[in-house]
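Structure first, then comments.
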Amino acid sequence: MPQKKKISILGSTGSIGTQTIEVVESHPDLFEVVALCAGRNVELLAEQCRRLKPRYAAIADEESYPLLKNLCKDLPVKLCAGQHAIGDMADTEDCDTVVAAMVGYAGLYPTLRAAKAGKTIALANKESLVVAGELVTSLCKNGNSRLLPVDSEHSAIFQCLQGNSRSEIEKLILTASGGPFRKHSREMLQKVTKEEALRHPNWKMGAKITIDSATMMNKGFEVIEARWLFDTGCDKIDVLVHPQSIVHSMVQFRDGAVLAQMGTPDMKLPIQYALCYPERKANSFKRLDLAEAGKLEFEKPDMEKFRNLALAYAAIDKGGNAPCVLNAANEVAVAAFLQDKISFLQISDIIEKTLQRSSFIAKPAHYSDYVDSDNEARRIAEELTTH
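Heads up: the sequence shown begins at 8 in the working numbering, then just goes up one per residue.
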């Protein structure tokens, strides 16, 4: 019998984390979960510990630690708390594969720890590459760590590239659903509510990423992520709106051929592909029925209406710490929108002004440069949300 892969799941209580657990539980002969980490959903984390019996569990919110300890007092699980503890779960010798599924900037530190330790990283935390793509990829190379994409779009590209040389790529084409406001005019966008923004037509995701999808910042982040994952310039990465979310992404090669990866709008397939790579394992996931889908539509994104996508392209074109500033400003602005402090369109305004006012570092050399840039950008964005 082959040895089981030993997995740490960072962000186990979120959308990707819970689906990762579904995949793991459907293949008990292949995987063993050795560590679970969550932000503050202590009740669900405790339930997962009871089901999976990991060796370790960590909660980022230190105030939740006493409750976690009480809920797991009868379990043989070593418990810890805090951001440093999450990092410990990412580079523990007991695991060989880390599922980086934490949301936002908080996922950068443990991803760096996993990269330094030479782990295989199933990457769902796109912000790690958005904020510090050069640093993450450099550490992966030096630490002999392997990055395997979990985002459905990047998994699609990765699958299309199997058996093909990256030197043959002419263009990467990321597909986007267009979110709930694809057909809205700019005037209509001025009045949308957070309840409307949280109703994604195709995907069931957490609040933050759902708002990012509605503003198309999520797709901007994916452009930056693709730039680092596939070592290509953003001039070779296009975005195409595809409302059915059946074609997850495409690769156009230098001879004009286009390969597309298709599937249902479900994250379990790309999660399983990353965990089992290079093998494809049988499963009982819902199959794609093209006759049932009926038609597949494609259109260019409106970057004047969805300015966040244009801001993301501008940030990666500027380089340096600009994508880090972009991410920090977006996190602050989205949180303010979800708290009814700003309007939907003000999200873009705050991001743009934060990019203009933040200090520019052309060549961030250390992790501390990104920490400083993130802190400054958040302070500026917070001030903008209160005026």
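Using N, Cα and C, we set each Cβ at its ideal position, and we do this for glycine too.
As the structure is a prediction and not an experimental result, all values here were calculated from the model.
Within the model, the alpha-carbon separation for S256 versus G270 is close to 10 Å.
When the beta-carbon positions are compared, I164 and V246 stay at least 8 Å from each other. Under the DSSP assignment, F38 falls in the beta strand (DSSP E) whose first and last residues are 38-45. The three-state reading of DSSP puts E286 in coil, since its state is none of H, G, I, E or B. Fewer than three beta-carbon pairs drawn from the stretch 209-218 and the stretch 293-306 are found closer than 8 Å, and the two stretches are therefore not classed as touching. DSSP places Y72 in no beta strand (DSSP E) but in the uninterrupted alpha helix (DSSP H) bounded by 72-78.
Under the Cβ criterion (8 Å, minimum of three pairs), the stretch 275-291 counts as touching the stretch 21-36. Closest option to Q166, judged by alpha-carbon separation, among D98, G240, I66, Y284: Y284.
Within a 10 Å sphere around the beta-carbon of Q363 sit fewer than 16 other beta-carbons, which makes this residue exposed. Residue burial is scored here from C-beta neighbours: L318 has at least 16 other C-beta atoms within 10 angstroms and is therefore classed as buried. Boundaries of the alpha helix (DSSP H) harbouring E54: 49-59, taken from the DSSP string. At a Cβ-Cβ threshold of 8 Å, L181 and K226 count as neighbours. Ranking D376, F367, K312, D324 by CA distance to the CA of D356 puts K312 first. A residue is called buried when at least 16 other Cβ atoms come within 10 angstroms of its Cβ; D219 meets this threshold and is buried. In the DSSP assignment, K13 falls within the beta strand (DSSP E) that extends over 12-17. Counting along the chain, the unbroken alpha helix (DSSP H) around C167 starts and ends at 159-167. In summary, L119 is buried, with 16 or more beta-carbon neighbours lying within 10 Å of its beta-carbon over all protein chains present.
Counting C-beta atoms within 10 angstroms of its own C-beta, M224 has 16 or more neighbours from the protein chains shown and is therefore classed as buried. Contact holds between the stretch 136-148 and the stretch 363-377, because three or more Cβ pairs, one in each stretch, are under 8 Å apart. Apart from sequence neighbours up to five positions away, the residues of its chain that approach I349 with a beta-carbon distance below 6 Å are A343, T392, ordered along the chain. Here A369 is exposed: its Cβ has fewer than 16 other Cβ atoms, across all protein chains shown, within 10 Å. In the structure shown, the three-state DSSP call for P308 is coil. Where Y63 is concerned, the enclosing beta strand (DSSP E) starts and stops at 63-66.
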